[in-house]
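Numbering-wise (our numbering), the sequence shown opens with residue 18 and increments by one.
Beta carbons are placed, not taken as given, at the ideal position from N, Cα and C, and that holds for glycine.
Every value quoted in this text rests on a predicted model; they were computed, and no experiment measured them.
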Amino acid sequence: QVEVSAMTTPENDLARRAAENPKSLSQAEYDIWYCTSYVGSIAYQIEEVMHNAAAHPVRQIAESEGKILDKTQLLMLLITVLSLLSSSLGVSNLISANIMERSREIGLLKALGATNLAVVLSVLAEIFIAGILGGILGYVVGIGFAQLIGENVFGSGIAVNPYVIPIIAVLMSLVLIIGSVPAIRMLLSLQPAEVLYGR
């Protein structure tokens, strides 16, 4: 009897389906399962290499790790949604405060003939430039902290998935747009005469 210890990937739906019958997987699913360090795939490969051997994985530990991972992912999703909502509120407050501070400037632009669309586009351009710079800075700092945690906790760096970048860009745009709506409504309601006379 030989005991094999390895750092494994918590089991998910793919690993559970493969444990029942690896032949039921498509070729792409099989390749992913075979090349990922699931308990089942490691046991399968041990049996491939060591003929007439039977590998019996300790599934209780693997299943408990999978349940913890599922709960962690759900918690992270909830935190992400709450973070996006709070970010939208923060953006809205900051933009509204900025518009109030610049109300005379905006009123003067309107008095000189600037259309509402031109003023809105000008403000949105400033918002998006600030958002892009903040997003890039946040991404770099986030990756840095992730690598630091990965090195200290797991002893290795964390791979950066390039597909995350467009998702971040879309989420950032949504936060900026949602957060800008109340401020833009305030901007459109500004009357040049009232603002310039300090009312």
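Excluding the five sequence neighbours on either side, which residues of its own chain have a C-beta within less than 6 Å of the C-beta of residue i, listed in chain order?
i: Leu94; result: none
i: Ile63; result: Ala72
i: Ser105; result: Val192, Ile195 and Gly196
i: Thr53; result: Thr26
i: Lys127; result: Pro209
Closest to residue i by CA distance: which of the options is it?
i: Arg34; options: Thr26, Trp50 and Ile185; result: Trp50
i: Val137; options: Pro199, His68 and Val66; result: Pro199
i: Leu101; options: Leu204, Leu205 and Ile185; result: Ile185
i: Met203; options: Asn69, Ala176 and Ser109; result: Ser109
i: Leu129; options: Thr26, Pro209, Asn29 and Gly107; result: Pro209
i: Tyr55; options: Pro39, Gln44 and His68; result: Pro39
i: Pro27; options: Gly107, Leu141, Leu42 and Ile59; result: Ile59
i: Asn178; options: Glu122, Met117, Tyr156 and Glu118; result: Tyr156
i: Gln90; options: Tyr180, Asn29, Ala163 and Val158; result: Asn29
i: Ile182; options: Leu154, Leu207 and Met67; result: Leu154
i: Tyr214; options: Glu122, Phe162 and Val158; result: Glu122
i: Ala131; options: Asn169, Leu207, Ser41 and Asp48; result: Leu207
Quick one: measure Cβ to Cβ for residue i and residue j, integer angstroms, because I've assumed they're closer than 8 Å.
i: Gly148; j: Leu193; result: 5 Å
i: Ile175; j: Gly167; result: 4 Å
i: Ala70; j: Gly57; result: That pair is no contact at about 15 Å.
Residue i and residue j: beta carbons closer than 8 Å?
i: Ser139; j: Val212; result: no
i: Asn115; j: Leu205; result: no
i: Met189; j: Gly152; result: yes
Less than 7 Å between C-beta atoms, sequence neighbours within five positions excluded: which residues of the same chain meet that for residue i?
i: Ile112; result: Ile144, Gly196, Ser197 and Ala200
i: Tyr61; result: Pro39
i: Glu46; result: Leu31
Quick one: is the Cβ of residue i within less than 7 Å of any heavy atom of the ligand FMN?
i: Tyr55; result: By its list of ligands, the structure shown contains no ligand whatsoever, and the ligand FMN lies outside what it can speak to.
Only counting the same chain, and skipping five residues up and downstream in sequence, which positions put a Cβ closer than 8 Å to that of residue i?
i: Ile85; result: Pro27
i: Leu165; result: none
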